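Asks:
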Amino acid sequence: MEEPNNSRPPPMPPLPKSFSTDKLHTTSHLHPDRAIPMPSLASAEKYQTLPSLTLPRKKDELWSVFRSLDGDYTKFQSKSSTMKANVVRSSLLPFLRNYADHSSNLALRAEDLDRRTNILNKWWTGLLDMLHGRNNQSISGTDRPAILDGISGIMDRQEWRLSPSPFCPLDRRTAVVPLRNKSTTSLSSTGIDFLTESVHHNVRNMFVQNLNSQMAFVVDRMSLKNASASLVTFCGKATAYAFFFCPGIAEVLVRLWDAPTEVMRRVLTESGVSKFDNLADTAARINPSFPPSMQSLGFVSLGKMLRHLRTQTPLPLGTANIQWYGYWLERWSGRESDLFFAFVKHFHILVADYLPSDATRKEKICVPGLLFVHSQILVNLDSTIHRDAGHLHGDPSTNISPTFDDVLVDPDAVASTLPLPPTNAIRIMAENRLIMLIRDFLSERALEHPFARQLFAESFACLLQAGARGISAYNHLACYTLCDFLEEAFPIIVRYEQTHLSQSCLIDTDFWIDVCKRMVFSQNTMTEIRLFAFLFTIWSTVNSSPDRKTKICIDLLLDQEVFEKTFNHWCPMVRAYYMRLLCWRLGRYDGEGSSGDKLIFETLLQRLQIIWSHFLWQRQQAAQGRMLPPSTTPCNPAPGRRLLIIRTDTQVASGGSFLAFDGIVPHHPSASVGTPSQAWKRDSVISQAASLDVRPSSSASSDFGMELERPESGLRGFVRSIFGGKSRSKAASVSTVKTPSSSAFSPSAPESTSPQATPHVSRGPSPIRHRNFSFKFSLELHPKAHHPTAMRLAPPRLPLAAHLYLQQDGCDELIIQAAEPVGEFKAQSTYSGRALAEWMCILMECQGFFERRKGEGVPTNKHVETPTLGVEVFGKGR
1 MEEPNNSRPP PMPPLPKSFS TDKLHTTSHL HPDRAIPMPS LASAEKYQTL PSLTLPRKKD
61 ELWSVFRSLD GDYTKFQSKS STMKANVVRS SLLPFLRNYA DHSSNLALRA EDLDRRTNIL
121 NKWWTGLLDM LHGRNNQSIS GTDRPAILDG ISGIMDRQEW RLSPSPFCPL DRRTAVVPLR
181 NKSTTSLSST GIDFLTESVH HNVRNMFVQN LNSQMAFVVD RMSLKNASAS LVTFCGKATA
241 YAFFFCPGIA EVLVRLWDAP TEVMRRVLTE SGVSKFDNLA DTAARINPSF PPSMQSLGFV
301 SLGKMLRHLR TQTPLPLGTA NIQWYGYWLE RWSGRESDLF FAFVKHFHIL VADYLPSDAT
361 RKEKICVPGL LFVHSQILVN LDSTIHRDAG HLHGDPSTNI SPTFDDVLVD PDAVASTLPL
421 PPTNAIRIMA ENRLIMLIRD FLSERALEHP FARQLFAESF ACLLQAGARG ISAYNHLACY
481 TLCDFLEEAF PIIVRYEQTH LSQSCLIDTD FWIDVCKRMV FSQNTMTEIR LFAFLFTIWS
541 TVNSSPDRKT KICIDLLLDQ EVFEKTFNHW CPMVRAYYMR LLCWRLGRYD GEGSSGDKLI
601 FETLLQRLQI IWSHFLWQRQ QAAQGRMLPP STTPCNPAPG RRLLIIRTDT QVASGGSFLA
661 FDGIVPHHPS ASVGTPSQAW KRDSVISQAA SLDVRPSSSA SSDFGMELER PESGLRGFVR
721 SIFGGKSRSK AASVSTVKTP SSSAFSPSAP ESTSPQATPH VSRGPSPIRH RNFSFKFSLE
781 LHPKAHHPTA MRLAPPRLPL AAHLYLQQDG CDELIIQAAE PVGEFKAQST YSGRALAEWM
841 CILMECQGFF ERRKGEGVPT NKHVETPTLG VEVFGKGR
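Note that full-length UniProt numbering has the sequence shown beginning at 1, numbered continuously upward.
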């Protein structure tokens with residue numbers, strides 16, 4: 001209430017002159033358009049509105065979606081354990097698929113981030129409780145993959161790693177963040193920063209706590225004997241996230257591997273780092289980009305890293321009850337399941353989030369933990385290549401062979417004492433876990449994470465070289481297994497290389513040529529045979545690059561020393577494999593020549609002419625009585641065996657039923673049964689069906705072009721045994737056997753037909769439809785084969801198509817003079833006569849196969865199939 005006007009207050013004493021307010025400014029400094037600051041209200045609304053000042057006031061675009069998801073979680077909690085998986089499938093999984101990369105995920109206010117993460121945390125903890133089996137909850141085998149997918153999707157959400165969190169990926173840190181409104185009071189500014197930091201701190205704590213809980217689940221489930229594939233894959237991903245974001249987890253996991261120092265040194269060597277190099281400056285640029293929990297594993301020098309590993313590290317908080325050294329170590333090391341390999345995939349995906357895309361090889365090796373992961377990959381690669389070493393060179397006292405008397409007494413007891421081979425030794429190479437890893441990560445289906453795939457492809461190519469350097473050239477089993485592994489790995493890597501042309505070449509051609517040369521000179525016939533079969537198999541894949549093809553042909557297969565040693569090899573099997581590689585792969589011409597092909601053909605012809613000159617010199621010396629005449633008798637690859645070309649896609653009738661002729665014999669309703677045209681068609685189809693059993697007497701399946709009488713077999717014999725009739729003469733057969741003069745070297749020899757068949761051909765029968773078949777070289781017994789006799793040799797030539805190509809290009813044939821062989825391979829020139837005879841037989845075999853397939857409807861040489869060449873007929877000494 002105001003006082004009455006008549007009551008005046010007592011007069012104030014005069015103030016000193018220095019405190020006078022006469023000179024104070026009466027105008028305000030505030031902008032006329034700006035509101036006067038109001039005093040802050042000491043209420044709860046203040047703390048709710050402060051965080052909104054950090055970003056422009058904008059409603060969360062997905063708040064309605066998250067509110068619906070929160071309601072679905074209430075429904076999830078009220079359901080029984082058997083019905084909870086249906087709620088996950090109907091609500092959580094569609095949400096994770098549809099809103100994984102929503103634009104609003106990267107620009108959230110603190111209160112919106114807090115609401116989102118609380119809802120996600122409810123689902124995460126609820127699903128983890130189901131996995132742990134708490135509250136008597138059990139999950140069926142069909143529901144577990146859905147639960148694991150839900151947890152994996154929540155773990156991938158971008159809300160957990162938003163800026164300014166240290167978990168934020170590198171590319172999101174450079175995003176433009178709206179400026180924060182300037183507050184006019186220190187109280188509001190401090191409150192905003194505190195509450196925003198508190199929200200991000202709580203988000204990190206929830207994220208790390210759930211990852212630690214998952215890690216306990218991983219160790220517990222991976223210690224069990226059996227685990228499903230979906231569970232192992234999830235555990236590998238969960239371990240990778242814990243490795244990155246949980247304090248202390250990475251320190252424990254790398255010590256569990258206990259990688260040998262020599263293996264780490266080999267990994268560093270492939271990255272161009274010696275054991276005495278110090279990369280402190282490089283590590284200082286790379287380490288700060290990664291989460292703080294793993295920065296202690298950044299590489300500076302090998303000595304410093306080894307000293308760090310020797311120190312004892314305390315167990316992470318909340319993980320004291322985890323059995324780190326339990327049975328799960330077999331899986332974590334990569335020996336028993338796919339856990340380690342699933343971890344490797346997701347580890348590289350996470351590394352790509354924090355590594356600059358233009359990082360050098362030295363910068364990549366400084367990535368925290370990368371050296372240990374690559375060392376463990378190399379350990380598994382070595383165990384794959386040397387998988388027979390422990391089994392074959394074990395303690396003989398512990399593997400006593402049972403006697404026949406022991407088996408008669410108690411066979412079951414003896415069987416229980418037999419040593420079991422390691423799991424990795426009995427797994428075929430196509431199912432090897434490393435092969436499955438690169439097939440899964442580098443396949444065309446995996447289009448996500450391009451930088452992670454590139455990083456892994458480059459790293460794995462280097463690890464392959466490191467694995468090859470650790471093999472002795474005289475270790476036959478290791479070389480054999482290396483070829484098996486490369487036969488599966490190279491096509492995957494080259495296919496990835498072709499789809500990413502902008503990247504550097506992943507396969508070091510010069511290095512692998514040197515590896516192959518060492519195998520050639522290893523003085524082990526099985527190693528050489530496996531090498532040539534390996535090159536024969538991957539020819540179309542690795543040599544998709546013209547430059548790489550030229551290098552392999554000129555610098556490896558047609559190298560002077562390699563050619564003289566292998567073409568005149570003392571072992572007929574090595575000669576057979578090498579010559580088929582030269583004839584069917586290197587010397588094949590399909591009508592599309594290039595400068596590289598011309599150089600290859602000319603070099604091959606020069607090498608053959610050198611062998612021919614050595615043979616002429618030996619024949620001259622024999623004519624003068626100075627030495628025995630060189631033998632010109634071709635040899636079988638093995639006694640009583642020949643390499644035959646057989647069909648491999650024959651359909652076998654099941655249950656002993658009759659073969660179905662639908663699809664083999666075409667239906668011709670317009671032609672009568674007794675017409676010559678119908679007889680010609682029936683005869684052609686039976687001839688085509690007869691190729692189901694390629695006979696050794698055929699030119700396509702004979703080593704030396706010998707014609708032998710044998711009864712008809714296969715589908716032709718089956719048909720004639722039912723309908724009767726005499727076998728057709730060889731002159732009327734479509735696959736007529738050509739003589740060397742008419743098939744192997746005639747430029748344009750037309751197919752010879754019998755006079756009886758000429759009228760039918762003139763009537764214009766419908767052409768036989770072209771069908772692709774599969775063929776292979778198979779080492780088969782041939783008991784009726786007589787010993788081959790000496791052949792009259794002519795100057796060696798290339799396969800017919802390549803020979804004609806060089807003739808059309810103007811290459812004149814030279815008159816070859818006799819020349820004495822010199823050098824270390826002079827002794828092996830003794831086999832030059834046999835080798836030239838076998839080369840002539842292989843040319844006839846190849847040309848006969850081409851003419852036979854063309855007679856069966858194949859339009860051009862390009863469409864003629866190439867038989868596969870393997871070594872499955874040999875025992876590996878295992």
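A virtual CB, placed ideally from N, CA and C, is assigned to each residue, including glycine. Remember, it's a predicted structure, so these values are computed and weren't measured experimentally.
Once the 5 residues before and after MET627 are set aside, which same chain residues still bring their CB inside 8 angstroms of it?
Replies: Here the set comprises GLN618 and GLN621.
Asks: Using the three-state DSSP reduction, which class does LEU644 fall into: helix, strand or coil?
Replies: strand
Asks: Tell me, please, whether the stretch 226–237 touches the stretch 325–341 by the rule of three or more beta-carbon pairs shorter than 8 angstroms.
Replies: yes
Asks: For GLN48, is the classification buried or exposed, using 16 other Cβ atoms within 10 angstroms of its Cβ as the cut-off for buried?
Replies: Since pLDDT at GLN48 reaches only 45, below the 50 mark, its modelled position is unreliable, and no value is offered.
Asks: Measure from the alpha carbon of TYR480 to the alpha carbon of each residue in GLY71, GLU431, ARG453 and ASP388, then state which is nearest.
Replies: ASP388
Asks: Would THR142 be called buried (16 or more neighbouring beta carbons within 10 Å of its own) or exposed?
Replies: exposed
Asks: Buried or exposed, going by whether 16 or more other CB atoms sit within 10 Å of the CB of TRP160?
Replies: buried
Asks: What is the residue span of the alpha helix (DSSP H) that LYS517 lies within?
Replies: 509–520
Asks: Is LEU24 helix, strand or coil when you go by DSSP?
Replies: The predicted position of LEU24 is uncertain, since its pLDDT is 40 and thus under 50; a value taken from the coordinates is nonetheless stated next. Correct three-state label for LEU24: coil.
Asks: So, with DSSP's three-state summary, where would you put HIS863?
Replies: helix
Asks: By Cβ distance below 6 angstroms, which residues in the same chain neighbour GLU330 in space, the five residues on each side in sequence not counted?
Replies: GLU336
Asks: With a 10 Å radius around its C-beta and 16 neighbouring C-beta atoms as the bar for buried, classify MET573 as buried or exposed.
Replies: buried
Asks: Going along the chain, which residues of its own chain have a beta-carbon closer than 7 angstroms to the beta-carbon of LYS75, five neighbours each way excluded?
Replies: VAL87
Asks: Among residues of its own chain, excluding the 5 on either side of PHE456, which ones have a beta-carbon nearer than 6 angstroms to its beta-carbon?
Replies: HIS348 and PHE441
Asks: So the alpha helix (DSSP H) LYS776 belongs to, where does it begin and stop?
Replies: Unbroken run through LYS776 is the beta strand (DSSP E), 775–781; no alpha helix (DSSP H).
Asks: I'd like to confirm the pairing. Which residues does DSSP put opposite ALA638 in its beta bridges?
Replies: Paired residue(s): ARG641.
Asks: Let's test the definition: count the other Cβ atoms within 10 Å of the Cβ of SER595 and tell me whether it reaches 16, buried, or not, exposed.
Replies: exposed
Asks: For GLU487, I'd like the list of residues in its chain whose CB is within less than 8 angstroms of its CB, leaving aside the five on either flank, ordered along the chain.
Replies: Residues MET429, PHE534, THR537 and ILE538 of the same chain have their beta carbon placed closer than 8 angstroms to that of GLU487, with the five preceding and five following residues left out of the count.
Asks: Tell me which same chain residues have a C-beta within less than 6 angstroms of the C-beta of HIS569, skipping the five on either side of it?
Replies: ARG575
Asks: Quick one: Cα of PHE511 to Cα of ARG97, how far?
Replies: 45 angstroms
Asks: If we count Cβ pairs, one from each stretch, closer than 8 angstroms, do we get three or more for the stretch 819–833 versus the stretch 857–866?
Replies: no
Asks: Do GLY150 and LEU127 have their C-beta atoms within less than 8 angstroms of each other?
Replies: Yes. Within cutoff.
Asks: Which of the three DSSP states, helix, strand or coil, is assigned to THR868?
Replies: strand
Asks: Could you give the distance in angstroms between the alpha-carbon of LEU93 and the alpha-carbon of TYR577?
Replies: 55 angstroms
Asks: Does the beta-carbon of ALA468 have 16 or more other beta-carbons within 10 angstroms, so that it is buried, or is it exposed?
Replies: Under this definition ALA468 is a buried residue.
Asks: Do you know whose CA, among PHE243, LEU800, PHE773 and THR830, lies nearest GLY857's CA?
Replies: Selection PHE243, LEU800, PHE773 and THR830 evaluated against GLY857 yields PHE773 as nearest (Cα-Cα).
Asks: Mark ASN380 as exposed unless 16 or more other C-beta atoms lie within 10 angstroms of its C-beta, in which case mark it buried.
Replies: buried
Asks: DSSP state of ASN118, grouped into three classes?
Replies: helix
Asks: Roughly how many whole angstroms lie between the Cα atoms of ALA794 and LEU477?
Replies: 40 angstroms
Asks: PRO639 and ARG834: beta carbons closer than 8 angstroms?
Replies: no
Asks: Near ALA452, what residues of its chain come up, given a Cβ to Cβ distance below 6 angstroms and the 5 sequence neighbours on each side ignored?
Replies: HIS348, ILE349 and ALA352
Asks: Distance, Cα to Cα, LEU557 vs LEU224?
Replies: C-alpha separation (whole angstroms): 51 angstroms.
Asks: Once the 5 residues before and after THR499 are set aside, which same chain residues still bring their CB inside 7 angstroms of it?
Replies: GLU444
Asks: If I follow the unbroken alpha helix (DSSP H) through GLU487, where does it start and stop?
Replies: 476–499
Asks: Cutting at 8 angstroms between CB atoms, please list the residues of its own chain near ASP112, excluding the five before and the five after it.
Replies: ASP60 and TRP63
Asks: So the alpha helix (DSSP H) ARG453 belongs to, where does it begin and stop?
Replies: Unbroken alpha helix (DSSP H) run through ARG453: 450–469.
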